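Student: The following block contains the structure, expressed as C-alpha cells.
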Amino acid sequence: MKILIAEDNEKNRKLIQVILEKAGYDAIEAENGEDAICLAKKIIPDLILMDIQMPVMDGIEAIKILKSDSETKDIPVIALTSYAMAGDRERLLNEGFNGYIPKPINVKNFIKEVKKYIKP
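Its first residue numbered 194, the sequence shown is counted upward by one per residue in the numbering used here.
Here you go:
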C-alpha cells in the first residue's frame with residue numbers, strides 16, 4: 194500500500210516515513226501541496242497524509258483540487274496538523290478531509306490511526 198506524505202518539515206516527514214515503512218507501507222514524500230497533487234495523480238496512493246501549513250500551496254487548497262479531480266477524489270486524505278484548537282478538527286473535516294491526526298504525532302498510536310482510513 195502506498196501512502197503519500199505531504200509535509201514541509203523534513204524531520205517530521207522522515208519520522209513519518211520511517212514509521213510507515215517499518216509497518217510495511219510504501220511512503221512517498223511531497224514537500225508542499227502542489228507536489229502532493231502531482232504525485233497523487235501520478236501514483237494514485239491508497240492514502241494521503243496532508244499537513245495544512247505548507248509553502249507553495251497549503252493543505253486546504255490542495256485537498257480542494259484533489260477532491261474535485263475524478264482521478265483523485267476517492268483517495269482518503271487525512272489532515273496531519275498542529276492545528277489542535279477547539280473546532281479545528283471539525284473545520285478541517287468540513288473542508289473535505291476524511292480524518293484528522295494532530296501533531297506532534299503519537300508514535301505508539303500512529304499506525305493504528307492510519308489503518309482506520311485505509312481500505313483493505
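Just so you know, even glycine gets a beta-carbon here, dropped at the ideal spot from N, CA and C.
The model shown is predicted, which means the values in this text are computed figures rather than measured ones.
1. What's the gap between the Cα of ASP267 and the Cα of GLU283?
2. In whole angstroms, give me the CA-to-CA distance for GLY226 and LEU242.
3. Kindly indicate the opening and closing residues of the beta strand (DSSP E) around LYS195.
4. Would ILE196 pass as a contact of PRO238 if the rule is Cβ separation under 9 Å?
5. Which one of LYS308, PRO269 and GLU222 has the shortest CA to CA distance from LYS204?
Tutor: Let me lay it out:
1. Here residue 267 corresponds to residue number 74 of the sequence shown, with the count starting at 1. Here residue 283 corresponds to residue number 90 of the sequence shown, with the count starting at 1. Near 20 Å, if we compare the C-alpha coordinates of GLU283 and ASP267.
2. Mapped onto the sequence shown, residue 226 falls at position 33. Mapped onto the sequence shown, residue 242 falls at position 49. If I take the Cα positions, the gap works out to 11 Å.
3. Here residue 195 refers to the residue found at position 2 of the sequence shown. 195-199 is the extent of the beta strand (DSSP E) around LYS195.
4. As a first step, residue 196 is located in the sequence shown; it is residue number 3 there, counting from the start. As a first step, residue 238 is located in the sequence shown; it is residue number 45 there, counting from the start. Result yes, Cβ atoms of ILE196 and PRO238 sit closer than 9 Å.
5. The residue you call residue 204 lines up with position 11 of the sequence shown. Closest option to LYS204, Cα to Cα, is GLU222.
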